[in-house]
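J.: Dropping the structure in here first, questions after.
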Amino acid sequence: EMHQYLDTDGSGTSANCVSATIFKERLQAATKWLKDNKKQGVIGEFAGGNNAQCVSALQDGLKYMGANSDVWLGGIWWAAGP
């Protein structure tokens, strides 16, 4: 179980995402590790800001998880705040 926030430091405290592909980029090493070790994973919390770049990043990452559903069981969207 892993958490993934798409801001610069991965804390989820900024509404700005690093890039439109950051979710997938951050998942790639974990995906390789899961495959190499014959494990499965879930993203226990993930989120990005309410803006076009973050929406693109989230869509890109979710598509990547779907394409690697042999190791990714899913994810839980984290939403809080005003």
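Everything in the sequence shown is counted per UniProt numbering, starting at 1 for the first residue and increasing by one.
Each residue gets a CB set at the ideal place from its N, CA and C atoms; glycine is no exception.
The model shown is predicted, which means the values in this text are computed figures rather than measured ones.
Mind listing, in chain order, the continuous alpha helix (DSSP H) runs of no fewer than 4 residues lying wholly within the UniProt domain "Glycoside hydrolase family 5" (1 to 80)?
T.: Listed in chain order, they are 22 to 36 and 52 to 67.
J.: Answer with buried or exposed for Trp77, where buried requires no fewer than 16 other C-beta atoms within 10 angstroms of its C-beta.
T.: With fewer than 16 other Cβ atoms within 10 Å, it is exposed.
J.: What number of angstroms, rounded off, separates the C-alpha of Leu73 from the C-alpha of Gly41?
T.: For Leu73 and Gly41, the distance between alpha carbons rounds to 6 Å.
J.: Can Gly12 and Ala57 be called in contact, C-beta distance under 7 Å?
T.: Against a cut-off of 7 Å, the Cβ pair of Ala57 and Gly12 comes out as no contact.
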